[in-house]
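Presented below is the structure to which this report refers.
Numbering (the numbering used here), first residue to last: 1 to 129.
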């Protein structure tokens, strides 16, 4: 089976670009979700690069499941927990007590999500170099 880690990383980078584009366009709910996707796919790329499979969507768990040989900065786990909150709620109205998802997200959330996802991508790129 070929190693597809580069494909996952490239899609992760594209998802981060989508998050940035969505943030600039004021679609902050989509920026948050795309940032979450970018980080998730980046960590899955690293798992594949290291010869392991990774399943699920919880970035914090995916990071914790990396081999001990990977020097993981603990603050990335905390930042990934923020991103994990953007997997479902930005997309589904029934994730909030009332209002459409776009009413619950603004520049504060999307800028933080994009920054955290960028840090996770940078970490993964360095590990895969």
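C-beta atoms are modelled at their ideal positions from N, C-alpha and C, and glycine is treated no differently.
Since this is a predicted model, take the numbers as computed values, not measurements.
Closest residue to residue 2 among 49, 103, 87, 29 (Cα-Cα distance)
Of the listed residues, the one whose Cα sits closest to residue 2 is 49.
- Neighbour-count burial assignment, residue 117, 16 or more Cβ in a 10 Å radius: So residue 117 counts as buried.
Note to self: Rounded to whole angstroms, what is the Cα-Cα separation between residue 101 and residue 121?
What the structure shows: Approximately 26 Å, taken between the alpha carbons.
Practice prompt. May I ask you to report which of helix, strand or coil DSSP gives residue 118?
Written response: Residue 118 carries a helical assignment under DSSP once its states are collapsed to helix, strand and coil.
**Prompt:** Which two residues bound the contiguous alpha helix (DSSP H) that contains residue 106?
**Reply:** DSSP places residue 106 outside any alpha helix (DSSP H), giving it a letter other than H or E.
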